[in-house]
Amino acid sequence: MDDLIGKIEQKYALKVLQQETLRETPKSLVVFLDTSIGKFIGKISYLPKERQHFILNAEAHLRKKGILIPGIQRTKSNQRSIVYKDNLFVLHQWFSWPKIAYSSPKKLEQVGAALGRFHLQSLGFTSKHGELYNGAKKWSEEYKADLAALEKWEQRHMSKKNPKSTTIVEYLPYFRQAGLAAREQLKSSAYFSSWKKLALRKHFLCHGDFNNGNLLTRNQQIAIIDWEDVRYDFPSKDISRVLSLAMRKAGSWNEPLFTSLLRAYLQENPLSAEQLHLLFVDLTFPHIMERFLRMKQYEEMEVAEIQKFCTREAIKTAYMLDELKALA
1 MDDLIGKIEQ KYALKVLQQE TLRETPKSLV VFLDTSIGKF IGKISYLPKE
51 RQHFILNAEA HLRKKGILIP GIQRTKSNQR SIVYKDNLFV LHQWFSWPKI
101 AYSSPKKLEQ VGAALGRFHL QSLGFTSKHG ELYNGAKKWS EEYKADLAAL
151 EKWEQRHMSK KNPKSTTIVE YLPYFRQAGL AAREQLKSSA YFSSWKKLAL
201 RKHFLCHGDF NNGNLLTRNQ QIAIIDWEDV RYDFPSKDIS RVLSLAMRKA
251 GSWNEPLFTS LLRAYLQENP LSAEQLHLLF VDLTFPHIME RFLRMKQYEE
301 MEVAEIQKFC TREAIKTAYM LDELKALA
C-alpha cells in the first residue's frame, strides 16, 4: 500500500494525511483518503482496460447530462486515472451523504424519479467498446438458459426430503409456467426484435446494481455511485433490482410501493406502450428466482424465510403476469 500512496502523492500533487481500506477483494480495492486537498475515494477495479474506459466514459456522459455522480480528481497532468500494477486507479470525490432508504412510497418515488432521469439522459451515449456490453443481445439466450436451470434444479431436488428443497420445489412449476408465458411474449414481440437492432446511442444504460447502498441522498438530491456493472440494457433490469430490495425491506409484495416507483419513473422517462409491454415481460420472468437458486441464497435461510421469499415472489409474478396480459 505504501508504494500506491507514494504514487498517488506524486501524480496528484497532494499529501495523504489519513487512509483506510474500505474493501479489498479479488474484484476491487477501495480506499478512503483524507488528503491535503480534500477527501476522496480511490478505487482499482480489476477489469479489462476497455471495460474500465467504458465505465469512465459512461460516467462522464451522464455527468454532462446532469446526473449527480461523484466527480473524478484529475492528476497534475490532467489525466483521469493513473496506472498501478497494470490497473487503472481512479480518485473519486468523497460524498459523506447517507444512503437512501427503500422504506416508503415517498422514498420509492424519489428512487423511481432518479432512475427515470438517469435512464433518459443515458440515451445518446456511444462507445467503441459498446458492443461488448450490450445486454440486448443476451435476452433470448438468458431466458432459455434460466428456464432450463429452474427445471434442472427442480428435477435434482424433487426427491430430496429436506424441508428447504421441498418448500422451493412446490413453487417452481408456477415460476416455470410464468417464465414460459413471458418467453412466448418476448419471442412474439415486434418491438423486442427491433430494439435489439437499434444503434447503441438509442439504447438505455443500466446501472446494474441500483441498490440503496449505491444511492446517497441530501436535500432531495440523489448521488449515484459504484458504476462497475453499467451496460446497455432495458429499464426493467434496474427497476427489478429496486423492487426486489424494496420487497425484502417490506417483507412482502407491496403493490403501493411498486406503483409509486413506476409512476415516478414514468414521469421522468415516459415509455411507449410497446416499451411498457417489454418492461412487464421482463418483470414477469423469474430472474430473481433463478438467481436465488444459482447463488444458493436459501442455504443461509430458515425454512420460514424461504417460504416467505417464495410467496412474495409468486404474488409479485402474478401481478406482473396480469399487467402483461392487459398490455398484450
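Read in order, the letters of the sequence shown correspond to residues 1 to 328 in the UniProt record's numbering.
Ideal Cβ placement from N, Cα and C applies to all residues, glycine included.
### Query
From G135 to F234, what distance separates their C-alpha atoms?
8 Å
#### Entry: Buried or exposed (CB count within 10 angstroms, at least 16 for buried), S240
buried
### Query
Alpha carbon to alpha carbon, what distance is there between G130 and Y232?
8 Å
### Query
What does V242 pair with, by DSSP beta-bridge criteria?
Answer is none; V242 lacks a bridge partner.
#### Entry: Every unbroken alpha helix (DSSP H) within the region 229-315, with a cutoff of 4 residues, ordered by chain
236-250, 255-268, 273-284, 287-294
### Message
Buried or exposed for K43, going by 16 or more other Cβ atoms inside 10 Å?
### Response
buried
### Task
Rounded to whole angstroms, what's the CA-CA distance from Q18 to L33? Just pull it up for me.
6 Å
### Task
Mark P270 as exposed unless 16 or more other C-beta atoms lie within 10 angstroms of its C-beta, in which case mark it buried.
exposed
### Message
Check whether the region 314-324 and the region 238-256 are in contact - that is, three or more C-beta pairs closer than 8 Å.
### Response
yes
### Query
The beta strand (DSSP E) with D89 in it runs from where to where?
The sequence given here places Phe at residue 89; Asp does not occur at that position. Start and end: 87-93.
### Message
Threshold first: 3 residues or longer. Then list the beta strand (DSSP E) segments lying entirely within the region 31-73, N to C.
### Response
38-45
#### Entry: Where V31 falls, given that 16 or more other Cβ within 10 Å makes a residue buried
buried
### Query
By how many angstroms is the C-alpha of S260 removed from the C-alpha of R176?
28 Å
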